[in-house]
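Just below is one structure, and these are the notes that go with it.
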Amino acid sequence: MNLVDIIIMGDLMIYLDNAATTFPKPESTYYYMNKYTRETAANPGRGSHSMAVESAEIIFETRELLAEFFNIEDSMNIVFTKNCTESLNIAIKGVLKKGDHVITTSMEHNSVLRPLSTMESRGVAMTIVQADEFGMINPKDIEKEIRKNTRMVVSTHVSNLTGTIMPIEEIGKICREKGVLFMVDSAQSAGLLEIDVKKQNIDILAFPGHKNLFGPMGIGGLYVSEDVEIDTFIEGGTGSMSSEIIQPDFMPDKLESGTPNLPGIAGLKGGLEFILETGRETIRKREDQLVKVFLETISSTWNIESYGPKDLKYRSGVVLVNIKDLDSSELASILDRKYSIAVRPGYHCAPLAHKTIGTYEKGAVRFSMSWFNTLKDIEQASQALIKIAEECGQEE
Ligand SMILES: Cc1ncc(COP(=O)(O)O)c(C=O)c1O
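Following our numbering, the numbering of the sequence shown begins with 17 at its first residue and continues without gaps.
Next up, the structure:
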């Protein structure tokens, strides 16, 4: 297969793997990536010439836009990372200390559970609060687990498996009342749902740039409130205090060393501008509509099982399904090969979430929608799923 074939195939595919990374991106994302690769591609903060200053400016502007987006007072408390996983690792490993207790949930991605498990092996006690069969967390269950030495609660905003929207405002309120730090993994919500760090009492926010914020892969971010004590993750050149061999103690330089991903940050600015122009609520409504049509279309097929909350108010653009007696990888492979539909089977890096909803044995297939999907995509995908289910049913 040559490059032209691959591009043609990309055009023909119905892409429903947006929870992994959104595709395609808005034109503004491509525009900025191109501009800050071809025209303004100097290393920011490493020189005072005008090209370097121009690069530093786009980084500043992106930080400011993110601050506006999440209602963060000082944009300097936002650092750029390579993805949400890196953001989560920086915060989990930089904040928790031996003797601390941390609370998390059974709906977390491995990018939360694995660093937390590492910290457990270094003397941090961990409690995992169980969600219900729809993937929903009851904030009271978190409150009950708070101890004297509880340092932090870490929760996902939206499950990447079931699309369940967690009651983060209530959890944040409990954390504030009890004097516990609240950290949110917004991998599936940033850009799609309201995130207001003040209203929701979020002390630490980890976000990817490449999902609902419509930036390219390779860019993420982390907000850390100034009240949080955090250790550095890596140290190196920051372009500031360069005559010293000690890492600066001020943000964002404290947590941001080395050459930044300029095309990624610029592309993220394009994504943010697109959301501001289109309207976050409008994007959310479109996804709701697609999910509604999909769920209604497949609901009467007896051997299709779907998971997650029944009420659309509590779910994002993710629909998780199984066909009775068909392996999830086999289903995804048929969708890919026979119908050119891109979905994700298996475990979605969320083993405890699969245990919670009862799909640990065979995994499940995730269809995830985004702004650029059309009703036609959804009709074709749901009809393909029904056809495969009917064929499987007949074999019984
Ligand atoms: C809930 C959740 N958290 C964290 C991550 C990790 O994000 P990234 O791929 O940007 O590292 C993902 C990725 O899919 C996710 O869905």
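Glycine included, C-beta positions come from ideal geometry on N, C-alpha and C.
Item to check | Check whether T121 and V140 have beta carbons under 8 Å apart | outcome: Not a contact, by the Cβ cut-off of 8 Å.
Item to check | Secondary structure, beta strand (DSSP E): runs of 3+ residues fully inside the region 281–369 | outcome: Those beta strand (DSSP E) runs which fall completely within the region 281–369 and span 3+ residues are 320–322, 334–339.
Checklist entry - Quick one: what does DSSP say A142 is sitting in, helix, strand or coil? => result The amino acid occupying residue 142 in the given sequence is Met; Ala does not appear at that position. Assigned with DSSP and collapsed to three states, M142 falls in strand.
Checklist entry - When DSSP builds the beta bridges, which residues end up paired with H117? => result A141, T166, per the DSSP bridge assignment.
Checklist entry - Roughly how many whole angstroms lie between the Cα atoms of Q396 and T390? => result Going from the Cα of Q396 to the Cα of T390 covers about 10 Å.
Next on the checklist: According to DSSP, Y239 sits in a beta bridge with which residue or residues?
Outcome noted: Here Y239 is bridged, per DSSP, to I94, L221.
Checklist entry - Should I24 go down as buried or exposed, given a rule of 16 or more other Cβ atoms within 10 Å for buried? => result A caution first: I24 carries a pLDDT of 47, below 50, which makes its placement in the model unreliable, though a value can still be read off. With fewer than 16 other Cβ atoms within 10 Å, it is exposed.
Checklist entry - Taking the continuous alpha helix (DSSP H) assigned at L391, which residues delimit it? => result 391–410 is the extent of the alpha helix (DSSP H) around L391.
Next on the checklist: Let me check understanding here. Comparing Cα to Cα, which of P367, I320, S316, E312 lies closest to I394?
Outcome noted: Closest option to I394, Cα to Cα, is E312.
Checklist entry - Ordered along the chain, which non-local residues of its own chain (more than five positions away) have a Cβ less than 7 Å from that of E242? => result Taken in chain order, the residues that qualify are N93.
Checklist entry - Out of curiosity, what's the CA-to-CA distance linking Q399 and I357? => result Looking at the two C-alpha atoms, the distance is approximately 11 Å.
Item to check | Any non-hydrogen atom of ligand 1 closer than 7 Å to N176 Cβ | outcome: Because some heavy atom of ligand 1 lies under 7 Å away, the Cβ of N176 counts as near it: yes.
Item to check | Minimum C-alpha distance to S258 - residue among M168, S322, K270 | outcome: Ranked by Cα distance from S258, the options M168, S322, K270 are led by K270.
Checklist entry - Does any C-beta atom of chain C lie closer than 8 Å to the C-beta of I74? => result The structure shown contains no chain C; it holds only a single protein chain.
Checklist entry - Should the region 338–350 be regarded as contacting the region 186–206, the criterion being three or more beta carbon pairs within less than 8 Å? => result The region 338–350 makes no contact with the region 186–206; the number of CB pairs closer than 8 Å stays below 3.
Item to check | Coil, strand or helix - I373 by DSSP | outcome: In the structure shown, I373 sits in a helix (DSSP, three-state: H, G or I).
Checklist entry - By how many angstroms is the C-alpha of R353 removed from the C-alpha of I22? => result Confidence at I22 is low in this model, with a pLDDT of 47, below 50, so the placement of that residue is unreliable and no value is reported for it.
Checklist entry - Taking contact to mean at least 3 C-beta pairs separated by less than 8 Å, is the region 60–75 in contact with the region 177–191? => result Proximity of the region 60–75 to the region 177–191 falls short of the contact definition, fewer than three beta-carbon pairs being nearer than 8 Å.
Checklist entry - Cα-Cα, which of K378, K227, P155 is closest to L209? => result Ranked by how close their Cα comes to the Cα of L209, the residues K378, K227, P155 have K227 in first place.
Item to check | Three-state secondary structure (DSSP) of L229 | outcome: In the three-state reduction of the DSSP assignment, L229 falls in the coil class, being assigned neither a helical nor a strand state.
Checklist entry - With burial defined as no fewer than 16 other Cβ atoms inside 10 Å of the residue's Cβ, what is the status of F310: buried or exposed? => result Buried is the call here.
Item to check | Where the beta strand (DSSP E) containing D157 begins and where it ends | outcome: According to the DSSP assignment, D157 belongs to no beta strand (DSSP E) but to the alpha helix (DSSP H) extending over 155–161.
Next on the checklist: What I want to know is whether the C-beta of P131 ends up closer than 7 Å to one or more non-hydrogen atoms of ligand 1.
Outcome noted: Every heavy atom of ligand 1 is 7 Å or more from the Cβ of P131, so no.
Checklist entry - Are the Cβ atoms of H364 and N105 separated by less than 8 Å? => result Not closer than 8 Å, so no.
Item to check | Distance between N217 and N87 (C-alpha atoms, nearest Å) | outcome: Our two residues, N87 and N217, have alpha carbons roughly 11 Å apart in a direct line.
Checklist entry - Helix, strand or coil: how does DSSP classify L197 here? => result Taken through DSSP and simplified to helix, strand or coil, L197 comes out as strand.
Checklist entry - Between P232, K371, L278, which lies nearest to E43 when the distance is taken from Cα to Cα? => result When C-alpha distances from E43 are compared across P232, K371, L278, the shortest belongs to P232.
Checklist entry - Does the beta carbon of G236 fall short of 7 Å from some heavy atom of ligand 1? => result For ligand 1, at least one heavy atom lies less than 7 Å from the Cβ of G236.
Next on the checklist: Per the DSSP calculation, A58 is bridged to which residue(s)?
Outcome noted: Under DSSP, no beta-bridge partner is assigned to A58.
Next on the checklist: Can you tell me whether F266 is helix, strand or coil according to DSSP?
Outcome noted: Three-state result, F266: coil.
Item to check | Bridge-paired residues (DSSP) for I30 | outcome: DSSP, once it has assigned bridges, lists I357 as partnering I30.
Next on the checklist: Pairs of beta-carbons, one from the region 73–90 and one from the region 319–329, closer than 8 Å: are there three or more?
Outcome noted: Segments in contact, no.
Next on the checklist: Please tell me whether, using a cut-off of 7 Å, the distance from the CB of H125 to the nearest non-hydrogen atom of ligand 1 is below it.
Outcome noted: In this structure, H125 has its CB closer than 7 Å to one or more heavy atoms of ligand 1.
Next on the checklist: With three or more C-beta pairs closer than 8 Å as the rule, is the region 116–135 touching the region 290–298?
Outcome noted: Counting Cβ pairs under 8 Å, fewer than three are found: no touch.
Item to check | Which listed residue (L112, L81, E406) has its alpha carbon closest to that of N165 | outcome: Ranked by Cα distance from N165, the options L112, L81, E406 are led by L112.
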